[in-house]
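Note that this note's numbering has the sequence shown beginning at 81, numbered continuously upward. Built from N, CA and C at the ideal position, the CB exists for glycine as well. Worksheet for the structure shown next.
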Amino acid sequence: MRSHIKYLLSFSAILFLASGCAKRTEEPQPEQPAAQAPAHAPAATPVAPPKSGDGLGVVKKISASRKFITLDHNDMPGIMEAMAMEYPVQSPELLKDIHVKDSVSFTLTKTPESQYMVTAIKKK
Ligand SMILES: [Cu+2]
């Protein structure tokens, strides 16, 4: 008998916790005292991690400043479909061995401004 009560108690505790969890995901918890978080804590703004991916392409153009490169590249799932497009280059240094018509592998990384930038590139 005692073990039955124990079972019922833990079962209802689980239900209580489960419903609490469900509620938490659906709506904010205004009842949670703000004092729990230190006043100087940064706002909990979820920042998506910088998205990056590798691609293959051909160099179509390099700007005189070497700060931009036009790449005719393959499909990069979740990043960019196949297209010829001009991208900013993280550093002109990256292009020191790269020339127009080169076949290259490269990495595009999304900047905080939501722009894709070439952060790595090498001749294939
Ligand atoms: Cu594009």
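Note: Asp-152 is bridge-paired with Val-138, Ala-164 in the DSSP secondary-structure output. At the C-beta level, Leu-151 and Ala-164 come within 8 Å of one another.
In this model, Leu-174 and Pro-168 are separated by some 11 Å (Cα to Cα). In the DSSP secondary-structure assignment, Ile-201 is bridged to Phe-186.
The beta carbon of Pro-172 is closer than 8 Å to those of Ser-145, Arg-146, Lys-147 in its chain, skipping five residues each way along the sequence. Straight-line measurement puts the Cα of Lys-203 at about 8 Å from the Cα of Asp-177.
The bridge partners DSSP lists for Gly-133 are Leu-188.
In terms of Cα proximity to Lys-140, the closest of Ser-183, Thr-199, Thr-191 is Ser-183.
Cβ-Cβ distances below 6 Å link Leu-136 to Asn-154, Ser-185 in the same chain, with the five nearest sequence neighbours on each side left out; the list follows chain order.
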